[in-house]
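Student: Okay, here's the structure, questions in a sec.
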Amino acid sequence: MRRPAEDDDDGGLDSLLDTMTNVVGILVLVLIVTQMSVTEVVTRIRSETVVDAEKLEQAKKELAEKEDEKNELERILVAPQDIDADKQKEELQKLKDLLARQKKAREDAKKEQEQYALKIEQQQKAAEEAKKKIAETTGKREELTQLISTSLERKAQIEAMLDKTPIRARPADIKVSIPNPRPAPPGAKQASFLCSGNAVYPINAEAFRERAVKIAKAIVARGNMDRDPKVGIDPEKFTAIFAGEKKDQDAFFDVEYYVQSNRYPRMRFHPKEKRGAVATALLNKRSVIRRDYLSNLDVTKYYARFYVLPDSFDIYLTARGIFQDAGMLAGWDPQPQDWLYTTHVGGVELGPPLPKNPNPPPPGKPQSVID
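So this is what it looks like as structure tokens:
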């Protein structure tokens, strides 16, 4: 029967004692049942008149098991008056502490498990990224392998070509003269040459100039443009006609007419493609350029002036060597690739006359055109 609670501290202990009393009662009942089972087995054995050896052995085994169960129940069976309340409190506190430690251990294990799960997730992400990098690296390695293979094949081809290429003799020494810039000799005339497209174009500016002067004067006369000397020739009317004239030409150039600064008629020389003299023509004494142009130049009256574009330095050196061998003075003027030779027409000036300077500057020093 349950005892009344005296206070809060003893209430838990009383409840524990009641529970243990109930447990003891149950164990007593189990012991009685077990005792009865043992008695029943002994009685059953004694009642049998004929004893089978195998059954006897089985019965002994069952009897031993029952005796063990009885002894175990007697060992754990404790009388209520033998229960020590303080000891039970101590055992209960130990049990609580054990449960607390087990709970903390479970919480720590759960937390550690969560940390491990996070690390595993991070490692999985890192593994995926590493897998992608490995795939990219594999692709780049394949590209580099292909490039190396192609380069090695190309190298082998070049080496094979070099093996088949005969060894050339050492070229003749090139004579190099130290530049000596200076003006042309007094009275010497300039023979101009354009070096473009690695070819030489002789510029016959005087012949073009004579024809251009005739055209310009004819335009002025037909339009009666010079009737008022103070006003001069109208630049707009003259330019519209002069620039529209058909281009002049020879074997090497198409010549375009234009007006500079609304005052000066000029000519612009466009070299014809593949019409210039290449190295083989310059070196052939019976070529057209050697026979019809270079042979007609008097080395005592002319000097050569080469306008050289960046793509034509080699042909300039060839032509320069021919002129030097002939004893003609020469100089060169390097120009950008899109440069075109231009020159004045002369004989006609547009617009009102410019006022004359009463104190003209002294003539400058002659330009250094020979080097």
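With this note's numbering applied, the sequence shown closes on residue 422, and no number is skipped along the way. Glycine included, every Cβ here is placed at the ideal spot set by N, Cα and C. Since this is a predicted model, take the numbers as computed values, not measurements.
1. Taking the alpha carbon of Pro380 as the point to measure from, which residue in Ser419, Arg342, Cys246 and Leu360 has its own alpha carbon closest?
2. Can you tell me which of Lys352, Ala328 and Phe357 puts its alpha carbon nearest to the alpha carbon of Asp343?
3. Taking 7 Å as the limit between beta carbons, can you name the residues of its chain near Lys281, skipping five residues before and five after?
4. Identify the continuous beta strand (DSSP E) that holds Ala355 and give its terminal residues.
5. Runs of 4 residues minimum, wholly inside the stretch 260–319: which ones carry the alpha helix (DSSP H) assignment?
6. With respect to 8 Å, is the separation between the Cβ of Asn335 and the closest non-hydrogen atom of the ligand ATP below this value?
7. What do you reckon, are the CB atoms on Tyr392 and Ala242 nearer than 9 Å?
8. Across the stretch 358–366 and the stretch 245–258, are there enough close Cβ pairs to call them in contact, namely three or more that are closer than 8 Å?
9. Buried or exposed for Asp417, please, with buried defined as at least 16 other CB atoms from any protein chain shown within 10 angstroms of its CB.
10. What does the Cβ neighbour count give for Arg371, buried or exposed, with the cut at 16 atoms within 10 Å?
11. Please classify Gly190: does DSSP put it in a helix, a strand, or coil?
12. Is the beta carbon of Pro232 less than 9 Å from the beta carbon of Gly382?
13. Find the nearest neighbour of Gln386 within the set Phe357, Leu169, Gly398 and Lys170, judged by alpha-carbon distance.
14. Excluding five sequence neighbours on each side, which residues of the same chain lie with their C-beta closer than 8 Å to the C-beta of Met276?
15. Would you mind sorting Thr100 into buried or exposed? The rule is 16 or more other CB atoms within 10 Å of its CB.
16. Could you name the residues of the same chain whose beta carbon sits closer than 6 Å to that of Thr394, not counting the 5 residues immediately before and after it, in chain order?
17. Start and end of the beta strand (DSSP E) containing Gln241?
18. Compare the beta carbon distance of Pro322 and Ala263 with 9 Å and say whether it is the shorter of the two.
19. Would you call the CB atoms of Arg260 and Leu401 closer than 9 Å?
20. Can you tell me whether DSSP reads Ala235 as helix, strand or coil?
Tutor: Straight from the coordinates:
1. Reading the sequence as shown, one finds Leu at residue 380 and not Pro. Out of Ser419, Arg342, Cys246 and Leu360, Ser419 has the C-alpha closest to the C-alpha of Leu380.
2. Ala328
3. Pro403
4. Tyr353 to Val359
5. 286–293
6. No copy of the ligand ATP appears in this structure; indeed no ligand is present at all.
7. no
8. yes
9. A quick correction: the sequence has Pro, not Asp, at residue 417. Exposed is the call here.
10. buried
11. helix
12. yes
13. Phe357
14. Ile270, Ile284, Asp285, Lys288 and Phe289
15. Note that Thr100 scores 47 on pLDDT, short of 50, meaning its location in the model is unreliable and no value can be drawn from it.
16. Ala256 and Met318
17. Lys240 to Ser247
18. no
19. no
20. coil
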